[in-house]
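*Asks:*
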Amino acid sequence: MNLDFLTIDVGTILFTLINTLLIFLAFKHFLFGRVDAILEKRRQELTDTYAAAEDARSAASADQEKYAKAIAGAKAEADEIVRRAEKTAQSKGDAILETARAEAHAAREKAQLETERERLRARSELQGEISGLAVELAGKILEKEIDPSDHERLIADFLSNAEHAGDEA
Amino acid sequence: MKITDLFRGSDGVDVKGPGVLCSFDIGGVTINLTETVVLSWVIILAVTLLLAWLTKDMKTRNISKRQAVAEWAVQTVYGLVEDSMGKRWRPIAPYIGALFTFSILGSLISMLGLRSVTADFNVPLAWALVTFVMIHSTNIRTNGLGGYLKGYVDPIPVMLPFNILSEIATPVSMSLRHFGNVVSGMVITSLLYYALSMITKGIGVALCTIGIPAVMSLYFDLFSGFMQAFIFIMLTMAYISNVDGNAEV
Chain X
1477 MNLDFLTIDV
1487 GTILFTLINT
1497 LLIFLAFKHF
1507 LFGRVDAILE
1517 KRRQELTDTY
1527 AAAEDARSAA
1537 SADQEKYAKA
1547 IAGAKAEADE
1557 IVRRAEKTAQ
1567 SKGDAILETA
1577 RAEAHAAREK
1587 AQLETERERL
1597 RARSELQGEI
1607 SGLAVELAGK
1617 ILEKEIDPSD
1627 HERLIADFLS
1637 NAEHAGDEA
Chain H
7 MKITDLFRGS
17 DGVDVKGPGV
27 LCSFDIGGVT
37 INLTETVVLS
47 WVIILAVTLL
57 LAWLTKDMKT
67 RNISKRQAVA
77 EWAVQTVYGL
87 VEDSMGKRWR
97 PIAPYIGALF
107 TFSILGSLIS
117 MLGLRSVTAD
127 FNVPLAWALV
137 TFVMIHSTNI
147 RTNGLGGYLK
157 GYVDPIPVML
167 PFNILSEIAT
177 PVSMSLRHFG
187 NVVSGMVITS
197 LLYYALSMIT
207 KGIGVALCTI
217 GIPAVMSLYF
227 DLFSGFMQAF
237 IFIMLTMAYI
247 SNVDGNAEV
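Written out as structure tokens, the structure is:
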């Protein structure tokens, strides 16, 4: 049995209304509802990612500031250390220089003293030698007939000897 | 049916209304369970399964092709609704999408050799009635009941019958346009098949029954079905936003 080609059938209209409602609910639930949810979730994730990135950026900026401050502090400390070290080195160097100068002074004094003593010793030796020479000369004069010329020569020798000794001393 | 019958084609043109599978009486009103209704259920079931499969295991990243198709479909319908009705009508998008799909599949089911759901006048009529209710409820919401009723005697009271007629004409023209296009396609296709069968019988070779029906079907089923579904949803949106004073477009 078939309906007429063009007929208004209340049953079909009612069924079609219900069917349209069903397919609408299927679209709403399975397509639009789910896709909307996933789009919203994606949007939320994107927002969260941006927020996280912003947080990380500000944290990094804060860290950088902190490090800059720390580096500045370290630099000041280093300057202070260098300054102190320089001061210490200066005072130490001064002390060393002072000691060295004092030592040099003492050494020079000692050397002078030594020289003086040596000189005195040489002089006393020379004196002894001259006395010996004089005695020897006297002995030679006495033991020889001395002619005036010999006499004169002896004296000249003696003098030259004495001069020589004096020069050496 | 034998293969030879298939090549010979139809023996006559017989355009009938939808078949009645069973009918029952509720309070004096005869309710028929027709071919149309059962095929509608098949379409709804298929669409529901397809949608459930498309939107299964959706992710926010590294989306599958299925999900891309689902998202594209949703965005397209939203775009269409927003363009023709404004952003505040977004909630109607699932209905527009459902109506479009139901209409296009209802027409295209003829390609499986079944009777088009939309070739039953009651189907587009039911949809047009939904549109009609939406138009008038939107009108009342926008203008108030007084303003809505006053619209019928605008600009002069004499216009009342014509205004009522014009309001009734909207769903009638919408449903008849849809029905007429699909059914005329169906009739023309039947006539064509009959004519081609006659030629085949005349020359004894199944030359014309192969190929030509496919090309005809491309226009009368595919193109016409798509066009009518599209026209129906566009008219629905246009009529509703026409009486919506708050529409942004």
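Note that the protein sequences, when read in sequence, are chains X and H. Mapping of the first sequence onto my numbering: residues 1477 to 1645, in sequence order. Mapping of the second sequence onto my numbering: residues 7 to 255, in sequence order. Backbone N, C-alpha and C define an ideal beta-carbon position, used for all residues, glycine too. Owing to the predicted nature of the structure, the values given are computational and were not obtained by experimental measurement.
1. Looking only at DSSP bridge pairs, what is Asn25 of chain H linked to?
2. Distance cutoff 8 Å, beta carbons only. Does Glu77 of chain H sit that close to anything in chain X?
3. Nearest chain X C-beta to Val53 of chain H closer than 8 Å, yes or no?
4. Would Lys1517 of chain X count as contacting chain H if we go by Cβ distances under 8 Å?
5. Any idea if Pro161 of chain H is buried or exposed, counting beta-carbon neighbours within 10 angstroms, 16 or more meaning buried?
6. Give me the Cβ distance between Val80 of chain H and Phe1508 of chain X, rounded to the nearest whole Å; I'm assuming they're in contact under 8 Å.
7. For Val249 of chain H and Leu1501 of chain X, what's the separation of their Cα atoms in angstroms?
8. With a cut-off of 8 Å, do at least 3 Cβ pairs link the segment 163-170 of chain H to the segment 192-206 of chain H?
9. Is Val1558 of chain X close to chain H? Criterion is C-beta to C-beta, closer than 8 Å.
10. If the cut-off is 8 Å on Cβ atoms, which residues from the segment 1493-1507 of chain X count as contacting chain H, listed in chain order?
11. Rounded to whole angstroms, what's the CA-CA distance from Gly112 of chain H to Met140 of chain H? Just pull it up for me.
12. Quick check: what's the CA-CA separation for Leu151 of chain H versus Tyr158 of chain H?
13. For Pro219 of chain H versus Arg121 of chain H, is the C-beta spacing smaller than 8 Å?
14. Taking only the alpha-carbon atoms, compute the straight-line gap between Phe138 of chain H and Ile174 of chain H and give it to the nearest angstrom.
15. Classify Trp95 of chain H: buried if its beta carbon has 16 or more other beta carbons within 10 angstroms, exposed otherwise.
16. Please confirm if Ser46 of chain H has its CB atom under 8 Å from at least one CB of chain X.
17. Grab the span of the alpha helix (DSSP H) containing Asn149 of chain H for me, first residue to last.
18. Bridge partners of Phe30 of chain H, per DSSP?
19. At a Cβ threshold of 8 Å, is Thr1523 of chain X touching chain H?
20. Give me the Cβ distance between Ile49 of chain H and Val123 of chain H, rounded to the nearest whole Å; I'm assuming they're in contact under 8 Å.
21. Is the separation between the beta-carbon of Gly231 of chain H and that of Ile110 of chain H shorter than 8 Å?
22. Thinking just about the alpha-carbon of each residue, which of X:Leu1573, X:Thr1488, X:Ser1600 and X:Arg1593 is nearest to the one in Ser46 of chain H?
23. Which bits of chain H does Asp1555 of chain X rub up against, with CB to CB less than 9 Å?
24. Report yes or no: is there a C-beta of chain X within less than 8 Å of the C-beta of Pro161 of chain H?
25. Let me see if you follow: with CB-CB separation under 8 Å, is Pro24 of chain H close to chain X or not?
26. Should Thr148 of chain H and Tyr245 of chain H be called a contact, given that it needs their Cβ atoms to be closer than 8 Å?
27. I want to see whether chain X comes within less than 8 Å of Met192 of chain H, judged by CB atoms only; does it?
28. For my contact list, Leu1613 of chain X and Leu1630 of chain X are in at a C-beta cut-off of 8 Å; report their separation, rounded to the angstrom.
29. For Ile102 of chain H, report the span of its alpha helix (DSSP H) as first-last.
30. Is there contact between the segment 1562-1576 of chain X and the segment 1592-1600 of chain X, where contact requires at least three CB pairs shorter than 8 Å?
31. Tell me whether the beta-carbon of Thr1496 of chain X lies closer than 8 Å to the beta-carbon of Phe236 of chain H.
32. Please confirm whether Asp1539 of chain X has its beta-carbon closer than 8 Å to some beta-carbon of chain H.
33. Report yes if the C-beta distance between Met117 of chain H and Asp31 of chain H is below 8 Å; otherwise report no.
34. May I ask you to report which of helix, strand or coil DSSP gives Ile1606 of chain X?
35. Quick one: is Ala1565 of chain X buried, meaning 16 or more other Cβ sit within 10 Å of its Cβ, or exposed?
*Replies:* The structure says:
1. Counted from its first residue, the second sequence places residue 25 of chain H at position 19. Sequence check: residue 25 of chain H is Gly here, not Asn. Answer by DSSP bridge pairing, in chain order: X:Asn1478.
2. Here residue 77 of chain H refers to the residue found at position 71 when the second sequence is read from its first residue. So yes, Glu77 of chain H belongs to the interface.
3. Position 47 of the second sequence holds residue 53 of chain H. The Cβ of Val53 of chain H sits closer than 8 Å to at least one Cβ of chain X.
4. The residue labelled residue 1517 of chain X in the question sits at position 41 within the first sequence. Interface residue, yes.
5. The residue given as residue 161 of chain H occupies position 155 in the second sequence. By the neighbour-count rule (16 or more Cβ atoms within 10 Å), Pro161 of chain H is not buried but exposed.
6. Start at 1 with the first residue of the second sequence, and residue 80 of chain H comes out as number 74. Start at 1 with the first residue of the first sequence, and residue 1508 of chain X comes out as number 32. With a Cβ gap of about 6 Å, Val80 of chain H and Phe1508 of chain X count as contacting.
7. Translated into positions along the second sequence, residue 249 of chain H becomes position 243. Translated into positions along the first sequence, residue 1501 of chain X becomes position 25. Taking the straight line from one Cα to the other gives about 26 Å.
8. no
9. If you number the first sequence from 1, residue 1558 of chain X lands on position 82. Val1558 of chain X does not count as touching chain H.
10. Leu1493, Asn1495, Thr1496, Leu1498, Ile1499, Phe1500, Ala1502, Phe1503, Lys1504, Phe1506 and Leu1507
11. Counting from one through the second sequence, the residue named residue 112 of chain H turns up at place 106. Counting from one through the second sequence, the residue named residue 140 of chain H turns up at place 134. Whole-angstrom Cα-Cα distance: 22 Å.
12. Numbered from its first residue, the second sequence carries residue 151 of chain H at position 145. Numbered from its first residue, the second sequence carries residue 158 of chain H at position 152. If you take the alpha carbons of Leu151 of chain H and Tyr158 of chain H, they lie about 11 Å apart.
13. Working through the second sequence from its first residue, we reach residue 219 of chain H at position 213. Working through the second sequence from its first residue, we reach residue 121 of chain H at position 115. No, Cβ-Cβ distance for Pro219 of chain H and Arg121 of chain H is not below 8 Å.
14. Reading the second sequence from its first residue, position 132 is the one you call residue 138 of chain H. Reading the second sequence from its first residue, position 168 is the one you call residue 174 of chain H. Whole-angstrom Cα-Cα distance: 8 Å.
15. As a first step, residue 95 of chain H must be located in the second sequence, where it is residue number 89. Buried is the call here.
16. Here the question's residue 46 of chain H lines up with position 40 in the second sequence. It does: the Cβ of Ser46 of chain H has a partner Cβ on chain X nearer than 8 Å.
17. In the second sequence, residue 149 of chain H corresponds to position 143, counting from 1. Unbroken alpha helix (DSSP H) run through Asn149 of chain H: Asn128 to Lys156.
18. Indexing the second sequence from 1 puts residue 30 of chain H at position 24. DSSP, once it has assigned bridges, lists H:Ile37 as partnering Phe30 of chain H.
19. Counted from its first residue, the first sequence places residue 1523 of chain X at position 47. It does not: the Cβ of Thr1523 of chain X has no partner Cβ on chain H nearer than 8 Å.
20. Sequence index remark: in the second sequence, residue 49 of chain H carries index 43 (1-based). Sequence index remark: in the second sequence, residue 123 of chain H carries index 117 (1-based). Right, the Cβ-Cβ distance comes to about 7 Å (below 8 Å), so this counts as a contact.
21. If you number the second sequence from 1, residue 231 of chain H lands on position 225. If you number the second sequence from 1, residue 110 of chain H lands on position 104. A Cβ-Cβ contact shorter than 8 Å links Gly231 of chain H with Ile110 of chain H.
22. Here the question's residue 46 of chain H lines up with position 40 in the second sequence. Here the closest residue by C-alpha is X:Thr1488.
23. Within the first sequence, the letter at position 79 stands for residue 1555 of chain X. The contacting residues do not exist; Asp1555 of chain X stays about 53 Å from chain H at best.
24. Here the question's residue 161 of chain H lines up with position 155 in the second sequence. So no, Pro161 of chain H is outside the interface.
25. Translated into positions along the second sequence, residue 24 of chain H becomes position 18. Chain X, which has a Cβ nearer than 8 Å to the Cβ of Pro24 of chain H, makes this yes.
26. Reading the second sequence from its first residue, position 142 is the one you call residue 148 of chain H. Reading the second sequence from its first residue, position 239 is the one you call residue 245 of chain H. Their beta carbons are not under 8 Å apart, which means Thr148 of chain H does not touch Tyr245 of chain H by this criterion.
27. Counting from one through the second sequence, the residue named residue 192 of chain H turns up at place 186. Chain X contact via Cβ: absent.
28. Residue 1613 of chain X sits at position 137 when you count from the first residue of the first sequence. Residue 1630 of chain X sits at position 154 when you count from the first residue of the first sequence. Indeed they touch by this definition, with Cβ atoms about 6 Å apart.
29. As a working mapping, residue 102 of chain H is identified with position 96 in the second sequence. That run of the alpha helix (DSSP H) goes Ala99 to Leu114.
30. no
31. For the purposes of this step, residue 1496 of chain X is taken as the residue at position 20 of the first sequence. For the purposes of this step, residue 236 of chain H is taken as the residue at position 230 of the second sequence. Result no, Cβ atoms of Thr1496 of chain X and Phe236 of chain H do not sit closer than 8 Å.
32. Position 63 of the first sequence, counted from the start, is the residue given in the question as residue 1539 of chain X. No, Asp1539 of chain X lies away from the interface with chain H (no Cβ there is under 8 Å from its Cβ).
33. As a position in the second sequence, residue 117 of chain H is number 111, starting the count at 1. As a position in the second sequence, residue 31 of chain H is number 25, starting the count at 1. No, the Cβ-Cβ distance between Met117 of chain H and Asp31 of chain H is not below 8 Å.
34. The residue you call residue 1606 of chain X lines up with position 130 of the first sequence. If DSSP states are grouped into helix, strand and coil, Ile1606 of chain X belongs with the helices.
35. Taking the first sequence and counting its residues from 1, the one referred to as residue 1565 of chain X is at position 89. Taking all protein chains shown into account, Ala1565 of chain X has fewer than 16 neighbouring C-beta atoms within 10 Å of its C-beta and is therefore exposed.
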